[in-house]
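*Asks:* Protein chains in written order, with the working numbering: chain A, 136 to 287; chain B, 136 to 287.
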DNA sequence: ATTGCTGCAAAACGTTTGCACCTAT
DNA sequence: ATAGGTGCAAACGTTTTGCAGCAAT
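1. Are the CB atoms of residue 213(A) and residue 230(A) within a distance shorter than 8 Å?
2. Could you check which residue in 211(B), 261(B), 274(B) has the C-alpha nearest to that of residue 237(B)?
3. For residue 256(B), count neighbouring C-beta atoms within 10 Å of its own C-beta (all shown protein chains included) and say buried if the count is 16 or more, exposed if not.
4. Chain B partners of residue 261(A), CB-CB under 7 Å?
5. If you scan the stretch 159-199 of chain A from start to end, which runs of the alpha helix (DSSP H) of 4 or more residues do you find wholly inside it?
6. Using a Cβ cut-off of 8 Å (strictly closer), state whether residue 247(A) contacts chain B.
7. Going along chain A in order, which residues have a C-beta closer than 7 Å to the C-beta of residue 172(B)?
8. Is residue 153(B) close to chain A? Criterion is C-beta to C-beta, closer than 8 Å.
9. Please check if any C-beta of chain B sits within less than 8 Å of the C-beta of residue 251(A).
10. Determine the burial state of residue 246(B): buried for a count of at least 16 other Cβ atoms within 10 Å of its Cβ, exposed for fewer.
11. Across the stretch 261-273 of chain A and the stretch 183-199 of chain B, are there enough close Cβ pairs to call them in contact, namely three or more that are closer than 8 Å?
12. Taking CB distances under 8 Å as the criterion, tell me whether residue 241(B) reaches chain A.
13. Starting from residue 142(A), trace the beta strand (DSSP E) in both directions and tell me its first and last residue.
14. Take residue 272(A) and list the residues in its own chain whose beta-carbon comes closer than 8 Å to its own, dropping the five residues that flank it on each side.
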């Protein structure tokens, strides 16, 4: 187990929800926390497979869902119709700017953004659950950008 | 043609981009503008099919993309891995609150939200292209809500 | 005449499901 | 012993693509 504290949180979450404690689940937890940045469920499955893990695709998908439910991971959607996850363990909350020229995902925090979901939901008579705020933008020096990719 | 002004905008956009002017494309435009609310490409295809249109699924998908490019429609993503569209013709810009209990999509406008993408992008050294701001919330009187659906 | 657009069906893609077997409780 | 989790492959829903024929330029 790579991360004792996260492992403990997950174990407690599983126990409280009458879910079973299995080695596969902790294998997924470890791989997910180790992953640097945002990843799709399949990305993680492939990575684990390459590292000779024998955990199945179905288990990876289901476990990531559990990890998002207990907030060790966050679920993200960047408008390309696939679910991405990122570690939420000991991380401050943030939003994303997605560069449409080079594909970079830049994280930022802005105090004004954080207040708004609560404020607006209250106004409309709802209880906030979560929100997503994505900015789609372009880097000015397109050709110089190290991530620059020619559009197809 | 149901909407002369939108038709003209689309015609001009097609011409300027060396795209051909075809009846199918205007059929999709009409159906899309007539659609009340947010719809998936397939929703529109099925609707048109039921109304005895003979436009193909492929054409619907491709035309909606064109209509989003010329900003007669807006592309939306509400975190369920499917692209939705809505009319942007003569509509003020707005954001969305998605109710996780009943599925309603509530539109709202907030002046503070509108300034932020520009402001934040500039700070990070990018040019804004667009943004998406979705609030996921719950209606308080779940059982009473007319849209209430038991979770599966 | 050319080239882009169309309809159709097939493929692609990320994701979920059904099932027989296995394992944590 | 039991119910819940697992791996596998097949199914799913949305979207894209390849291609032969068609129609706008």
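Ideal Cβ placement from N, Cα and C applies to all residues, glycine included.
*Replies:* To lay it out plainly:
1. Judged by their CB atoms, residue 230(A) and residue 213(A) are not nearer to each other than the 8 Å cut-off.
2. With distances taken between Cα atoms, residue 237(B) lies closest to 274(B).
3. Label assigned to residue 256(B): buried.
4. Near residue 261(A) (Cβ distances below 7 Å), the residues of chain B are 232, 234, 272, 273, 274.
5. Those alpha helix (DSSP H) runs which fall completely within the stretch 159-199 of chain A and span 4+ residues are 176-185.
6. The Cβ of residue 247(A) sits closer than 8 Å to at least one Cβ of chain B.
7. Under the 7 Å cutoff, chain A gives no residues; its nearest Cβ is about 17 Å from residue 172(B).
8. By this cut-off, residue 153(B) is not an interface position.
9. Residue-level contact by beta carbon holds for residue 251(A) and chain B, with a gap shorter than 8 Å.
10. So residue 246(B) counts as exposed.
11. No: fewer than three Cβ pairs fall under 8 Å.
12. Answer yes: the Cβ-Cβ gap between residue 241(B) and chain A drops below 8 Å somewhere.
13. Taken as a continuous stretch (DSSP letters only), residue 142(A) belongs to no beta strand (DSSP E), being part of the alpha helix (DSSP H) at 139-151.
14. Only 232, 233, 234, 235 meet the Cβ criterion.
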